[in-house]
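Visitor: Protein chains in written order, with the working numbering: chain Z, 1 to 217; chain A, 218 to 434.
All C-beta atoms, glycine included, are put in the ideal place defined by N, C-alpha and C.
1) Alpha carbon to alpha carbon, what distance is there between residue 27 of chain Z and residue 397 of chain A?
2) In this structure, does DSSP put residue 236 of chain A in helix, strand or coil?
3) Quick check on DSSP: helix, strand or coil for residue 260 of chain A?
4) Is it buried or exposed for residue 433 of chain A, if we count other Cβ within 10 angstroms and need 16 for buried?
5) Go through its chain and collect everything with a Cβ distance to residue 206 of chain Z's Cβ below 6 Å, but skip five positions before and after it.
6) Is residue 413 of chain A helix, strand or coil when you go by DSSP?
7) Should residue 28 of chain Z be flagged as near chain A, meaning a C-beta pair shorter than 7 Å?
8) Under 8 Å: do the segment 305 to 318 of chain A and the segment 152 to 165 of chain Z share three or more Cβ pairs, one atom per stretch?
9) Looking at chain Z, is there any beta carbon in it that lies within less than 7 Å of the beta carbon of residue 256 of chain A?
10) Are the Cβ atoms of residue 100 of chain Z and residue 16 of chain Z separated by less than 7 Å?
11) Within its chain, find whatever has a CB closer than 7 Å to the CB of residue 40 of chain Z; leave out the 5 residues flanking it on each side and keep chain order.
12) Smallest Cα separation from residue 292 of chain A: which of A/253, A/271, A/340 and A/251?
13) Quick test of your reading: residue 377 of chain A and residue 352 of chain A, contact by CB under 8 Å. State the CB separation rounded to the nearest angstrom.
14) For residue 97 of chain Z, does the count of other Cβ atoms within 10 angstroms reach 16, so buried, or fall short, so exposed?
15) List the residues of chain Z that residue 361 of chain A touches, going by C-beta distances under 7 Å, in chain order.
16) Rounded to whole angstroms, what's the CA-CA distance from residue 102 of chain Z to residue 79 of chain Z? Just pull it up for me.
17) Is residue 426 of chain A buried or exposed, if buried means 16 or more other CB atoms sit within 10 Å of its CB?
18) Which residues mark the beginning and the end of the beta strand (DSSP E) in which residue 364 of chain A is found?
19) Drop a sphere of 10 angstroms on the beta-carbon of residue 212 of chain Z, count the other beta-carbons inside from all chains shown, and report buried for 16 or more, exposed for fewer.
20) Using beta-carbon positions only, say whether residue 174 of chain Z and residue 149 of chain Z come within less than 7 Å of one another.
21) Quick one: does residue 265 of chain A have its CB under 7 Å from some CB of chain Z?
22) I'd like to know whether the C-beta of residue 366 of chain A is nearer than 7 Å to at least one C-beta of chain Z.
23) Excluding the 5 residues preceding and the 5 following residue 94 of chain Z in the sequence, name in chain order all residues of the same chain whose CB lies nearer than 8 Å to its CB.
24) Using only the alpha-carbon positions, how far apart do residue 346 of chain A and residue 275 of chain A sit?
25) Would residue 396 of chain A pass as an interface residue toward chain Z - the criterion being a Cβ-Cβ separation below 7 Å?
26) Closer than 9 Å, Cβ to Cβ, to anything on chain A: give me those residues from the segment 10 to 21 of chain Z, in chain order.
27) With DSSP run on the structure shown, which of helix, strand or coil describes residue 278 of chain A?
28) Using beta carbons (cut-off 7 Å, strictly below), is residue 137 of chain Z in contact with chain A?
29) Under a CB-based cut-off of 7 Å, is residue 290 of chain A close to chain Z?
Below is the structure:
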């Protein structure tokens, strides 16, 4: 059984944590998903108080580590002296993903050697100021590390994660329960296009995004 | 300031509550959004414990009442003798909306006189067994009452709600922060198409969905 860690902190963006929590939480045979935080309870950006399931260091043993976001939450977490030192991640053996502003954590952990990523449109300038090439697309991935931007974009990296750990059938099975009624084809096309975009870009003359390598056949 | 009530109960489907909570919670000048429940704390289907902000009866004074869902949560809520009697809703002065299985609450409250609705694909048969015409589309609305199906479909009735209370600009402003990076046009087209679908169906020879009347100019 795979072990998936969702990393959160005080003032996390509600939907960015809860979307992946719910999509992944419907399956308890292929993986176990847990919310990790520095405290036993966390407070969301909109004021919900939720429990955590383990300390941040548990992320180091997970098969996949998904960082949530937070306009105020990410800078506050990065400013805490214990936060970054909790992590000793290895993108050779772990899948790592950020949504929206969580990309700044990946950057600080040295997980973006390509210096190319995406984030929430409102956070673009902050990321560019760090010297990153910020692409205007919902999913950017390089080998085992993916960044995503825009809350509803969570379906793309979550799909990427499941397809990387298992296969396309498991990805479709995982995302199907959350797709709008009567729009399965539209959304599956959107998702598959995004996951394949990296491969097409890589094979083109301009290597924009050396992406999603583990999705290649 | 408008008052929006999100009705929840134990074993609510996490994302169905949290998506509308987050999308609507980003605005605290045009409306106030609160989670109402029969208990001070509720447990989600996937085991999160969250606080509520008021009792169920507060829904009766709200401008908009949004029912969440829950495969086990909705039947359990309906079986509780105090649940349905808490509500005295008036669709003439209130906007009412359900997502996925929450439609059963609307049916029990007599809010679906047209006997036409939508829900999560997995809940279709149960709703058909009640004698409802269940359409295979993410949003079905009749005057001030809307039903939606499939977790990510939340953007449609949430957009419908905001556009009904304010206008299309406020709806776009409200949904923009959650749209995937680089896909604003795709998602806005999807949302606008869905909100207009009712009008087009109404004007056609087959009056499938006398819908979204308050969105008409």
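Guide: On the basis of the data shown:
1) 25 Å
2) Residue state, collapsed to three classes: helix.
3) strand
4) In this prediction, residue 433 of chain A scores a pLDDT of 31, lower than 50, which makes its location untrustworthy; no coordinate-derived value is stated.
5) The predicted position of residue 206 of chain Z is uncertain, since its pLDDT is 32 and thus under 50; no value can be drawn from it.
6) helix
7) no
8) no
9) It does not: the Cβ of residue 256 of chain A has no partner Cβ on chain Z nearer than 7 Å.
10) At the C-beta level, residue 100 of chain Z and residue 16 of chain Z come within 7 Å of one another.
11) 51 and 52
12) Answer by Cα proximity: A/340.
13) Going by Cβ atoms, the distance from residue 377 of chain A to residue 352 of chain A rounds to 15 Å, so no, they are not a contact pair.
14) buried
15) At a beta-carbon threshold of 7 Å, none of the residues of chain Z lie near residue 361 of chain A; the nearest stands roughly 21 Å away.
16) 14 Å
17) In this prediction, residue 426 of chain A scores a pLDDT of 38, lower than 50, which makes its location untrustworthy; the coordinate-derived value is nonetheless stated afterwards. Counting Cβ neighbours within 10 Å, residue 426 of chain A comes out buried, since at least 16 surround it.
18) Annotation: the continuous beta strand (DSSP E) that includes residue 364 of chain A extends over 362 to 365.
19) The predicted position of residue 212 of chain Z is uncertain, since its pLDDT is 44 and thus under 50; no value can be drawn from it.
20) no
21) yes
22) Chain Z contact via Cβ: present.
23) 62, 63, 64, 65 and 144
24) 31 Å
25) yes
26) 13, 14, 15, 16, 17, 18, 19 and 21
27) Here residue 278 of chain A carries a helix assignment [DSSP, helix/strand/coil].
28) At least one chain A Cβ lies under 7 Å of residue 137 of chain Z.
29) No, no contact with chain Z.
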